[in-house]
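S.K.: Here the protein sequences line up with chains A and B, keeping their order.
Using our numbering, the letters of the first sequence map in sequence onto residues 5 to 79.
Using our numbering, the letters of the second sequence map in sequence onto residues 13 to 261.
Where a beta carbon is used, it is the ideal one built from N, C-alpha and C, also for glycine.
Quick caveat: nothing in here was measured; it's all calculated off a predicted structure.
The structure follows.
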Amino acid sequence: MNILKDVMSELFSMFVADARLTAAMLAVVAVAALIIDATNLPSLYGGIFLLVGSIATLFFSVSREAARRRLSRSL
Amino acid sequence: MIEWSTAGPAVGAAFLASIVEVVEAFTIVLVVATLRGWKPAATGTAAALFVLTAIVVVLGPLLDQVPLNVLQLLIGVLLLLFGIGWLRKASLRAGGVIPLHDETAIFARETAELSVEVNRQKTSQDWIAGIAAFKAVLLEGLEVIFIVIAVGSGRGLLWPASLGALAACVLVLLAGIIAHRPLARVPENTLKFSVGVMLSAFGVFWTGEGLGVDWPGHDMALLVIAILFLLAGLIAARMVQQPVEEVTP
């Protein structure tokens, strides 16, 4: 049971290493899907949003984690 | 006919990601072999490989039943989550925010932990050691299987991706057998950075295709997306780089 628990925990952490990052990425995908399916814009706009949104999320997540660690070190 | 503009990154991603995972599993197997000999290490490894093979044999054919656009969307989103997670961690390591992965330190820590565990269970020491090897190979192997399926299934590249992963396993095992110590000189963070870039690029590309995006240049768009993620990762690392403190005499 312990091994199964570890396997499930490993699988979960593969995709949810950071809950905020995961939530932000899923939101980016959802908005891209909306742009493609619910607007008259060319589908490429949704693709561009997906790419730019993913990169922006990466920047935000990296700088947030760096700031958090800097703060905890200074306390 | 295989399109190498897609197959190249798929095989490369499977190969590099598998090196990272197999090196991590090898360290634990080496801990077990050092403490209790090669028999429990080999038994645990073989048992894990058997379970991993069973998972592939059982789940593999199910992939053919899933419509391609659903598969691309599902795998694309999972790849994006997985790849961005790796790229984030690699950028933080490259920027000096979190420490680099140190295989020698992990070997020492795992050896100490397993020694305590083995000494506590006097009656079944080989069993405990074998289970440790089993878990390490199973957990790292699951990641390898996911990456191979994820980068290979969208374009029918499962075999080339599997061969990339297999080549990585053989390479690490040969290096491990020759070195007979943790493979600390493998540039783990550089590999993780590269794989994070490739998996994120595949993630955006497959997710887009699954949602119905018509990428300009088709498969060549993957290369452009990968270059943008590479630049983003490098800029992110640079952005959070810790200033080097000057030592005054």
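(1) Starting from B:L242 and walking both ways along the alpha helix (DSSP H), at which residues does that stretch end?
(2) Evaluate contact between the stretch 53-69 of chain A and the stretch 174-185 of chain B, counting only Cβ atoms and requiring at least three cross-stretch pairs below 8 Å.
(3) Answer yes or no: does any C-beta atom of chain B fall closer than 7 Å to that of A:V66?
(4) Counting C-beta neighbours from all protein chains within 10 Å, is the total for B:R250 16 or more, i.e. buried, or is it exposed?
(5) Quick check on the burial criterion: 16 or more other C-beta atoms within 10 angstroms. Buried or exposed for B:H230?
(6) Quick check on the DSSP output: what are the complete beta strand (DSSP E) runs of length 3 or more inside the stretch 165-205 of chain B, in order along the chain?
(7) Does B:D114 come out as helix, strand or coil in the three-state DSSP assignment?
(8) Taking the beta carbon of B:R193 as the centre, do at least 16 other beta carbons fall within 10 Å, making it buried, or is it exposed?
(9) Use the C-beta contact count for B:I96: other C-beta atoms within 10 angstroms, 16 or more gives buried, fewer gives exposed.
(10) Could you spell out where the alpha helix (DSSP H) holding A:V56 opens and where it closes?
(11) Have a look at A:G50 and A:A37 and give me their C-alpha separation to the nearest angstrom.
(12) Under 7 Å between the Cβ atoms of B:V163 and B:A26?
(13) Hey, B:G2 and B:A145 are a contact pair by Cβ (cut 8 Å); roughly how many whole angstroms apart?
(14) Give me the Cα-Cα distance between B:K147 and B:V41, rounded to the nearest whole angstrom.
(15) Does any residue of chain A bring its CB to less than 7 Å from the CB of B:L93?
(16) So what does DSSP say about A:T43, is it helix, strand or coil?
(17) Could you pull the start and end residues of the alpha helix (DSSP H) that B:P73 belongs to?
(18) Does the distance from the C-beta atom of B:G107 to that of A:S47 stay below 7 Å?
(19) Quick one, are the C-beta atoms of B:A29 and B:I159 less than 7 Å apart?
(20) B:K204 CB to nearest chain A CB: under 7 Å?
(21) Quick one: using the 10 Å Cβ neighbour count with 16 as the cut-off for buried, is A:A34 buried or exposed?
(22) On a Cα-Cα basis, can you pick out the residue from B:F214, B:A19, B:I239 and B:A248 that is closest to B:L91?
(23) Determine whether the Cβ of B:V259 lies closer than 7 Å to any Cβ atom of chain A.
(24) Near B:V198, what residues of its chain come up, given a Cβ to Cβ distance below 6 Å and the 5 sequence neighbours on each side ignored?
M.R.: For this structure:
(1) M232 to M251
(2) no
(3) yes
(4) exposed
(5) exposed
(6) none
(7) coil
(8) exposed
(9) buried
(10) S47 to S78
(11) 7 Å
(12) yes
(13) Past the boundaries of the shown model lies residue 2 of chain B; chain B is included only from 13 to 261, so the question cannot be answered.
(14) 10 Å
(15) yes
(16) coil
(17) W50 to L75
(18) no
(19) yes
(20) no
(21) exposed
(22) B:F214
(23) Confidence at B:V259 is low in this model, with a pLDDT of 47, below 50, so the placement of that residue is unreliable and no value is reported for it.
(24) V35
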